Each structure stands twice: as C-alpha cells, then as structure tokens.
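Numbering (our numbering), first residue to last: 7 to 604.
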C-alpha cells in the first residue's frame, strides 16, 4: 500500500470543536485516533505531524499525552510576541514543513492528508497537485473555506470532522444545502464500507464462512459456552516499532483483554489476530503479527504449538506474567483502574484524569522495575491510561473549567478489564507478581515488605487498604511473615484466587447482568432446542412462545438447554437401525385428544 503523510493544524481542530459543538468534548486521544484511523485506510502513515500553539496546549491538559501515545511529532508554535497575539502562525509553519517534506525529505509519499480548512492552504494544495499527489482535506463543515470546498483542482476529497467524530454534539443537524458534499455520499458497496453480515478483503466482498445448520462460522477456540465477547475496538494504528516498549505494553493489555473477555487461559494466535483486526485491514494484521513475533522473541508472550500441526496461526498464546515488562504493565494498569473505581464510587461520577488519577499515582516511589524515576513512572501511567481508553475500559470527555479543557474520566461498566481489576485481590496479587518478576535471579521467595503495600496501594485503595489486606489474609491469598524485624506478607500461589488472577482466566466468575450485557444464546442452540421441544411437546405452540418470545428470540432469563440425542431405540442422529417411532393404530386415540381419566 502507498505511504501517507498526515499534517494536523491542531488549532483549527480545537477551535472548530470549541465553536461548533455543545456540551463536553471528546478527549484529545479520541480525536487523534479518529483522524489517524481515516488516514490509515489509505495506507501506512509514515509522517505524523501535529502543529499547535502554546496557549492551546496550556488549555488542554491531555494533549501532549495523546500526541506522545499516538506517535505524533509535536511542534509547538509561539502565539504571542511582545504581548500581542499572532494569527496564522500555525498555518505558516504547516506550509513550511509540508514544502520541505515534498521537495527534500519525503518526495516519494503519494498521499497527503491535511487537517485544516483555512484558505491559506490553497497554495500548498496547488503545489501538491502539481507534483501529482493525492490530497485529502479533513476539516469541520463550518470551518472549511469555500475555495477549498468548491475547487476539485485543489483536493481529491474532503472528510468532515462531523463524520469522523460523531460522538461530539455538533450544532448542525447535517450538511448545509450549499455544501458540495451534499448528495454525494457513495453507497456502502462503492465507498468500501463493510455491509453488516458480509466479509470483505481489500474492499472485495467475500462469501460468508461456511458453517453447519444454524452456525455462523467457526467459533473462537477456548471460549466457554455462554461467554461474552468483548466489543471489538477499531484496529490500533501503530505508533512505533513492533519491538518498542510501548507497543509491547499495548500488546500485553490487548491480549489480557481478549482472554478475560473469553474467560480462557490461552487462545489460538489466528483467532487473536482476527478478533482484533478486521480481514480488510491487511496492514494492521501485519503489524500485529510483527508485534507478536517480537513479544515471543523477547519473552513477553508464551506461545505453545498445538499437537500435530506446525501452523503459526494454531499457536496458543498467553501473556508471560513472569516477564518484568508484562508484570509491571498489568500491575500499574490495575492500579489505574482501581484508583478511578475507588474515587468515583465515593465522591462523584467523573473525576479529573490528571489531577485525581495520574498525579497521585505517579508520586508513589517504586523500587525496581523498568520505569525508574518519577518522570518515567508518569509516562508509564499516561501510556497505560491511554491504552485503557483506547480499549474502551475508561470513558473520557473534556469540560471547560476556568478557561481550560479538563479531561474527566470514569470506568466503563461491564468491560472485561474493569471487571478483572475489580476482583478483591487483583491489586495485591499483581503487586506480588511485579515484585517477584523484577527481583534478582536466584531469589525465589514471594515475600513483600508491608511498607511497600502502603506506598504503592494507599492511593489506590484509600482508607480500605487495611481491610483489603486483612481480607486477603483471611481468604488465604497471602500470609503474614516477618524477615528479621521487618513485617511483611508472602503470597500463597496455590490459592484459587491467586491462580485465577495470574493465569487461570477460565475460572474467572461470570460478569453479572448489572455489570454487562446479558449473554445471547447461540443461534444453533436456540433453533435445535426449539425443534426438539416442538417434536416432543403436546402443544408446541405455547412452549415455543414461552421460549422464543414474541419476536422469535429467546425470552429474557430463559435458559436453553440443548436436548441430548437419543440412543438405542431410535438409533440417534446419523445412525441407522433401531426401532422406529410407533405409528398410531386404529384403536389409538388421536394425538390432540385428551386421554380419559382412569
């Protein structure tokens, strides 16, 4: 696929959202991911540049964190000189950097995405078109200059922010009547959008996967019956090399998310790739394969080959919890989620992400680990917060307060990662695992000083820390033990709760109905149970209405149990022989008449 260059005038995006939306704004990470996702549809994004004013960065407390996580090159521009506010400086810097890329650094890039709608970009678009480049503009409907809107010689297409960021409360209901894009929306088949119920590969619709009666394809291996699958997130746009520390942390969280959602100890590699990346995203699948190869080589993922096969897609993969990087990642992820849960359950529904979550957690001293120093720990927490937001475990929005945009956050009820972090001993067990993984080799003990619990978990559990530790001792997760004059605890790895949190995800308790969506019975199970019930019931109509409901679906709270195939007299399914069903004779009563009572 051809390479793509993405240049963002963040001031244009920021003020467009401020002026033409009402209510809270989406987070900066959500906006950047939406723009990156649209650009990635045309090819791998090789150049990612975001230009913003220093005053805009001061007003948005999560902008720099979002730019670093998405791999955007930040370029801050001074907006004031001698006390005067300067206009159009971002446009001038964007044009200068684009011309340098076009004629010197990257003249080979064929596709250019310009995120701005200012008329000052007319000359830049003309220069790009003169070099036979494809030019796509991303701007708001009410902030797009008429020259760029009406001239097809300056751009190939325009994508509106209203369509890329539908979660924002835009002040307009639809396109203006004089908009050049009005009435030109192609049908799903022509635009390359995936029609529900179809599978596409490189934009070409393929046949549905073949399955047996009532089945919709091959199920995910290792998933127990009735398990709720996590809602699929958009494919992650790569922001670094596959073997980088940030990408490996993202992979660890992504794999944990899938295993917890399926309640499986491990899953086939091919199923993991297909469950995360759609079939049409070939580039994203390649990047994810490269991440897995690097993780297996570095020891962050355990891969076991299935018997009688050497196919790489059949490898069963699981996170290596003994890896220092994985242990540190999952421990701090649980800290972030439990911190949000403990604060929101006490004070309010939403809390500031920076002031109430990232700042308090980064103050705790951490002995050992890969993130040494407060600055590195803060960057680690910001990365994990962004990963959790990317996976949908954390919900964020921006609100105005004292002239600034404050990022507010809360947890997504029913998300697998949230339910996993809410396990009573999740923080304690992961603290033991983190300390054990980062210890020097040759020290097999699982002893942790009690002062470390107070340092790392006091800002997570709050006043309930003492009760949490006492409850873990009573449940047998750990036991008290002194080393010299130092009080501490020892993890009991054979305890059921510890094994479930660290490795045996298949034994996790099912998510309650209040925490997540109710499990939907499989189509083949409902259909076969209905047929069996109709064959064996005296009045199948009443029973079918009870089971299937008015709309033909299973009634809420009704458990469908698949009827076992009969053996012996009827031979069973697919078997010949046996006595057939007894046909009613002349003296038998009709099936619909009641038998006389004795």
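We treat Cβ as the ideally placed atom computed from N, Cα and C, and that holds for glycine.
All figures in this text were calculated on a predicted structure; none of them were measured in a lab.
Which of helix, strand or coil DSSP assigns to residue i
i	result
residue 500	coil
residue 47	coil
residue 494	strand
residue 53	strand
residue 477	helix
residue 275	helix
residue 142	strand
residue 442	helix
residue 8	coil
residue 254	helix
residue 26	helix
residue 126	helix
residue 381	helix
residue 515	coil
residue 471	helix
residue 71	helix
residue 283	coil
residue 570	Caution is warranted here: a pLDDT of 46 is assigned to residue 570, below 50, making its placement in the model unreliable, and no coordinate value can be reported.
Top-ranked residue by Cα proximity to residue i, from the options
i	options	result
residue 35	457, 129, 404, 471	404
residue 512	267, 30, 173	267
residue 464	306, 363, 109, 328	363
residue 325	316, 389, 308	308
residue 172	37, 61, 369	37
residue 2	453, 472, 452, 451	This structure gives no information on residue 2, because the portion of the chain shown stretches from 7 to 604.
residue 331	253, 454, 43	253
residue 5	97, 369, 451, 400	Residue 5 is absent from the structure shown; the chain starts at 7 and stops at 604.
residue 374	437, 348, 347	437
residue 101	55, 255, 146	55
residue 134	152, 115, 124	115
residue 163	507, 271, 45	45
residue 43	257, 444, 170, 256	170
residue 388	354, 315, 71, 442	71
residue 297	257, 406, 33, 138	257
residue 304	62, 249, 409, 40	249
Whole-number beta carbon distance between residue j and residue i, since they are thought to touch under 8 Å
i	j	result
residue 141	residue 118	5 Å
residue 50	residue 83	That belief does not hold up - the Cβ atoms of residue 50 and residue 83 are roughly 27 Å apart, past 8 Å.
residue 359	residue 415	4 Å
residue 481	residue 516	Contact doesn't hold; Cβ gap of about 20 Å is too wide.
residue 97	residue 124	5 Å
residue 317	residue 345	Their Cβ separation, rounded to whole angstroms, is 42 Å, which puts residue 317 and residue 345 out of contact at 8 Å.
residue 343	residue 399	7 Å
residue 433	residue 341	7 Å
Alpha carbon of residue i to alpha carbon of residue j, nearest angstrom
i	j	result
residue 391	residue 74	12 Å
residue 27	residue 277	40 Å
residue 131	residue 110	17 Å
residue 177	residue 475	51 Å
residue 396	residue 17	23 Å
residue 431	residue 168	43 Å
residue 127	residue 59	18 Å
residue 424	residue 113	46 Å
residue 507	residue 154	55 Å
residue 501	residue 328	18 Å
residue 361	residue 81	25 Å
residue 14	residue 486	56 Å
residue 1	residue 335	Given that the chain is displayed from residue 7 to residue 604, the structure contains no residue 1 and the question cannot be resolved.
residue 139	residue 394	37 Å
residue 152	residue 166	14 Å
residue 445	residue 495	16 Å
residue 8	residue 48	7 Å
residue 33	residue 408	18 Å
residue 484	residue 322	30 Å
Residue i burial status per 10 Å Cβ neighbour count (16 or more: buried)
i	result
residue 159	exposed
residue 22	buried
residue 488	exposed
residue 12	buried
residue 467	buried
residue 413	buried
residue 264	buried
residue 262	buried
residue 275	buried
residue 372	buried
residue 3	A question about residue 3 goes unanswered here, because the residues of the chain that appear run from 7 up to 604.
residue 260	buried
residue 469	exposed
residue 443	buried
Cβ-heavy atom distance, residue i to the ligand SAM, below 8 Å
i	result
residue 438	Absent from the structure shown: the ligand SAM. Ligands present: none.
CB contact check: residue i to chain C, cutoff 9 Å
i	result
residue 303	The chain labelled as chain C is not found in the depicted structure, where only one protein chain is given.
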